[in-house]
Amino acid sequence: MPTLSRFVFATALLMIATPASAQNFVTPSDGYGWTRGDANSSYFAWDDFTTGNGPNSPDIDAFPNPLPAGWAEPAVTETTGTAFVTSTGNLYSFGATPLEFEVVVPGEPVAGGTMTVLLQTNTQGREIDPATIVCDGAAPVEVVELNRVFLGPDGIGGGSLVETLWRFEVPADGTAVMTFAADGESLSLDKISVDTFSEESSDCIADVNGDGALTPTDFTAWINAYNNAGAGCDQNGDGACTPTDFTAWITNYNNGC
Numbered sequence: 008m009p010t011l012s013r014f015v016f017a018t019a020l021l022m023i024a025t026p027a028s029a030q031n032f033v034t035p036s037d038g039y040g041w042t043r044g045d046a047n048s049s050y051f052a053w054d055d056f057t058t059g060n061g062p063n064s065p066d067i068d069a070f071p072n073p074l075p076a077g078w079a080e081p082a083v084t085e086t087t088g089t090a091f092v093t094s095t096g097n098l099y100s101f102g103a104t105p106l107e108f109e110v111v112v113p114g115e116p117v118a119g120g121t122m123t124v125l126l127q128t129n130t131q132g133r134e135i136d137p138a139t140i141v142c143d144g145a146a147p148v149e150v151v152e153l154n155r156v157f158l159g160p161d162g163i164g165g166g167s168l169v170e171t172l173w174r175f176e177v178p179a180d181g182t183a184v185m186t187f188a189a190d191g192e193s194l195s196l197d198k199i200s201v202d203t204f205s206e207e208s209s210d211c212i213a214d215v216n217g218d219g220a221l222t223p224t225d226f227t228a229w230i231n232a233y234n235n236a237g238a239g240c241d242q243n244g245d246g247a248c249t250p251t252d253f254t255a256w257i258t259n260y261n262n263g264c
């Protein structure tokens, strides 16, 4: 490799490894209704990953600690097998295959209940493809971009630093499995945190987005749940997600809470 090319390549890798901005992650007490450490909650966070081809355990914080008997081990895993760990502990690849990830976290099981999952991601370079991200097969009911810093044109060392919160409402069966993929080559996964809170399902079944109020946004949330067979779709209680649940949602909405 010519000397100049080696210099440019090394400089680009240094840019990937160097944090571009302070973390802007939020906590559940920032408007989500619970505090870390509360009963029925869990919290796990990752900053420095240690392996590109296996499960990574949380290295920042974990609650509860130790885990109750029978709970799944929290882990972040890159699943294509093409990632490596950078000098600052990021999961990265500049190969042609976009990286894919699986995040597993345990939470308090509540029979018939709902688990709110707050996944927060910090990526550099390319971004997460929002069409690929699901939790237990359901798409997020809320997406909030917390921070964005432009790093340069796409490619090694370029793209953007992006911090995003993804909220899911899924059955409280004790484990949440999130999967997502990069939207192209050269994504660097820097940080992840996941908070969960489990509770008995609300009697207000038409409140699909779980914000405690019946508004037109619940219709959008129901459409999303229907398209992804997610929590909140089954409005008539027949155990299936079908078009008849739309009529049931209208009835439930009109009946109020």
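Taking the numbering used here, I'd label the letters of the sequence shown as residues 8 to 264. Using N, Cα and C, we set each Cβ at its ideal position, and we do this for glycine too.
Exclusion of the five residues before and after Met185 leaves Val110, Leu126 and Cys142 as the residues of its chain whose Cβ lies within less than 6 angstroms of its Cβ. Counting C-beta atoms within 10 angstroms of its own C-beta, Arg174 has 16 or more neighbours from the protein chains shown and is therefore classed as buried.
Residue range Asp68 to Phe70 is occupied by the beta strand (DSSP E) that includes Asp68. Taken through DSSP and simplified to helix, strand or coil, Tyr99 comes out as strand. Within the stretch 113 to 174, complete alpha helix (DSSP H) segments of at least 4 residues are not found at all. The beta carbon of Val201 is closer than 6 angstroms to those of Phe51, Val112 and Leu126 in its chain, skipping five residues each way along the sequence. In the three-state reduction of the DSSP assignment, Trp78 falls in the coil class.
Taking a C-beta distance under 7 angstroms as the contact criterion, Phe187 and Ile230 do not qualify as a contact pair. Following the DSSP letters along the chain, one finds Phe51 inside the beta strand (DSSP E) bounded by residues Ser48 to Trp53.
In chain order, Asp225, Ala228, Trp229, Ala232 and Gly239 place their CB closer than 7 angstroms to the CB of Val215, counting only its own chain and leaving out the 5 sequence neighbours on each side.
Between Pro71 and Trp53, the CB-CB gap reaches or exceeds 7 angstroms.
Taking all protein chains in view, the Cβ of Gly119 is surrounded by fewer than 16 other Cβ atoms within 10 Å, so the residue is classified as exposed. Counting only the Cα atoms, Ile257 lies some 12 angstroms from Thr222. About 3 angstroms separates the Cβ atoms of Gly237 and Ala145, confirming a contact at the 8 angstroms cut-off. Put simply, the backbone Cα of Ile199 is about 12 angstroms away from that of Val33. Phe108 carries a strand assignment under DSSP once its states are collapsed to helix, strand and coil.
Per DSSP, Ile212 lies in no beta strand (DSSP E) segment and is marked neither H nor E. Ranked by Cα distance from Ala138, the first of Met122, Val177, Val150 and Asn262 is Val150.
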